[in-house]
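Okay, structure first, notes after.
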Amino acid sequence: MSKPTPALSLSSSAPGSSDDRTARTIVHLTAEYSPYARTGGLAEAVMGLANFQVRGGADVVVFVPLYRTVRDHAPDLAPLGRPIVVDLGFRSEEVRFFREVHPPKGPKVVFVDIPSAFARGGLYGEGGRDYTDNARRFALFSRAVLDAIPRLIAGPVLVHAHDWHTSLALMYMRSYEQLRERYATTPTVLSVHNAGYQGHFPSSVLSECGIPPEVYDFRHLEWYGRVNLLKGGLTFADMVVTVSPTHAQELRTAGGGFGLHEVFQWLGTRFTGITNGIDQSVWDPSQDDQITARFTIDDPANKARCKAALQRSFGLPQRRKMPLFGFTGRLVAQKGLDLLLNSHRVWTLDAQFVFLGAGESRFEQALLALAQARPRHVGVQLDFTDRMEHRLMAGVDIFLMPSQYEPCGLTQLRAQRYGALPVGRRVGGIADTIEDDVTGFLFDEFTPTSFDQGISRALARFSDPAAWAARMRAAMKRDFGWERAAERYASVYQRATERAQQRGASQS
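Add 13 to a position in the sequence shown, counting from 1, and you land on the number used in the numbering used here.
Set out below in structure tokens:
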């Protein structure tokens, strides 16, 4: 049996210290973290922020469940500290904590091992259905982390939870007497990456998740007769962040708040929007070893070679002057697949379209049917890989992003870095990161006609090589690094810390 790894030593303070003069360790609680567990943008967003916080000199620890997928990327794990027993509801679970034997540079990633909850085939479900015990699974994770923090981390911390999966941690910290005392001056931040997913469950999960009856009311976790975990997190957090300024405005509206607009309004200045970034050393066509040929802003000629290689990969004729459109992402309604499949231009235009990604069966089958109907114009690959995403960005001329809503979006950031001008709907992070007719093309209405008009505007510029080259250069010059976002998060952390200190003073 391997010897348990000593507790993490991340600051000069002793465990349990409440000395606010000591720099706080940033503790991220997340259901996904790239590359270990990933279904969408959440994993990459948390990883990107945590990495840049470390580069800025912060001590950062990330807690993520020990899914089966973790061992695909980290086969050699070592136990961290001793197992603990977590009492939740009327049952107890033994929980162990692990780290990689040879961890990469960056944040310290701690894997929370609860086999009954996470040793499964999927992260949230299988066969298109969610696991029926998802509420308890992530409640166990959240509760276990709160018990582990004083055992594994020296000195004061700031707890940063992400999405509904970890929202209960913020409720536990303020509702359980022992935790309330332990974390009285601990600041908390909740990031809302996608408010369309809120963690709705029947009231029967109250006892399963150890939720006190007094917080199951309209002010906290109750929502139309059901438990809403995201709502609970919003009401208990010191500060709340979503992933772009425009989306923060949208969430305050009846049409864009997914039923929680009044809660977002109630938060007032405690709620803000910060646009995500990307790792520009990874998404850089001048250094990318996953694409056919590298190119730069000053010498983009090799983009033509990348285009030809992408056409070959999708079985399309290699036509240099033909506009090549690309789409990559989850094949779900949010991403605008209905617009794509009902677009007159996609079905009739003498242009090429490549689609990369998987999702709902109805969309997968519809795209395959489109490719069969237009084999010289449409290519589809359902098995997503990071390598192919890099090759798609490097090869396409125009990137399609007709989202129904988009809290931030990362693909439009990557596309611009590779000189692929996006056609995107003017919502959320798309509106914040694309300059219309300068680095891409925006449209407003969620209709096929409006989408087709956006495509037509892009094609009008594409037909003028000089105009297109100028817009490519403008797009490739955009700075989408995490540095600015990390600075804004530091400001949010400071405000959360001030609020926590006021709370501690009122309780003393």
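A virtual CB, placed ideally from N, CA and C, is assigned to each residue, including glycine.
Pair within 7 Å by beta-carbon distance, residue i and residue j
i    : j    : result
R404 : I291 : no
K121 : V74  : yes
V505 : I468 : no
F475 : P336 : yes
P48  : H86  : yes
A488 : L413 : no
Y229 : E221 : no
L344 : E377 : yes
T259 : A498 : no
V170 : V40  : yes
Identity of the residue in the options nearest residue i by Cα
i    : options                : result
R375 : W360, R358, L350, H357 : L350
I224 : L183, Q331, D160       : L183
D251 : A197, Q66, A480, P88   : A197
D315 : L243, R325, P298       : Rather than Asp, the amino acid found at residue 315 in this sequence is Asn. Cα-wise, what sits closest to N315 is P298.
F464 : E235, G442, L353       : L353
Q6   : R142, P117, A87, P200  : Residue 6 is absent from the model: the chain starts at 14 and stops at 521.
G135 : P388, W236, Y80, K244  : Y80
L522 : L381, W296, G281, G408 : Limits of the chain in this structure are 14 at one end and 521 at the other, which puts residue 522 out of reach.
P128 : G140, R150, H213       : R150
L247 : G209, V202, N64, P226  : V202
L192 : R156, G209, P169, H206 : R156
G432 : L362, C319, R497       : C319
A428 : P415, T452, R142       : T452
A130 : A148, G119, A321       : A148
D396 : I447, L381, R358, H390 : L381
A386 : A267, I166, T361, T398 : T361
I411 : A267, I447, G339, L426 : G339
K334 : D477, Q394, I166       : D477
S217 : A167, R239, D399       : R239
R596 : A473, A50, W495, I162  : Because the chain in this structure spans residues 14 to 521, residue 596 falls outside the shown range and cannot be described.
D146 : P215, R195, D302       : P215
D100 : G69, Y185, G70, A167   : Y185
Straight-line Cα distance separating residue j from residue i
i    : j    : result
G138 : Y144 : 5 Å
V172 : A379 : 43 Å
E511 : D160 : 24 Å
D311 : F366 : 27 Å
G441 : F454 : 15 Å
R484 : R332 : 22 Å
R501 : K490 : 22 Å
F308 : Q66  : 30 Å
T282 : P78  : 32 Å
R34  : D72  : Residue confidence is low: R34 scores 41 on pLDDT, short of 50, so the model does not pin down where it sits. No coordinate-derived value is stated.
W279 : T288 : 22 Å
W296 : R232 : 43 Å
P388 : F327 : 10 Å
F76  : G245 : 20 Å
W481 : A364 : 17 Å
R358 : L153 : 49 Å
P461 : A471 : 15 Å
R142 : H213 : 15 Å
A509 : A503 : 10 Å
T190 : Q262 : The residue you asked about is not Thr; residue 190 is Glu in the sequence shown. Near 36 Å, if we compare the C-alpha coordinates of Q262 and E190.
V393 : M406 : 15 Å
E227 : E496 : 41 Å
F456 : A56  : 28 Å
S204 : H175 : 5 Å
L181 : Q211 : 12 Å
A267 : A384 : 38 Å
A513 : R430 : 40 Å
L165 : Q507 : 24 Å
Anticipated Cβ contact below 8 Å, residue i with residue j, distance rounded
i    : j    : result
V158 : L42  : 6 Å
R438 : F459 : 7 Å
R187 : F124 : Not a contact, Cβ separation roughly 26 Å.
E45  : T38  : Rounded, the Cβ-Cβ distance is 21 Å, inconsistent with contact.
T424 : T341 : 6 Å
W177 : L242 : 4 Å
G54  : H206 : 7 Å
A208 : L264 : 6 Å
K348 : S294 : Not a contact, Cβ separation roughly 27 Å.
N64  : G119 : 5 Å
T446 : L426 : 6 Å
Cβ-heavy atom distance, residue i to the ligand GTP, below 6 Å
i    : result
G209 : You won't find the ligand GTP in this model; it holds no ligand whatsoever.
message: If contact is defined by three or more beta carbon pairs under 8 Å, each pair taking one atom from either stretch, is the region 368-378 in contact with the region 268-282?
response: no
message: With three or more C-beta pairs closer than 8 Å as the rule, is the region 89-98 touching the region 510-520?
response: no
message: When you compare the region 411-421 with the region 243-259, are there three or more beta-carbon pairs, one atom per stretch, that lie closer than 8 Å?
response: yes
task: Could you tell me whether the region 56-67 touches the region 101-110, where touching means 3 or more Cβ pairs closer than 8 Å?
output: no
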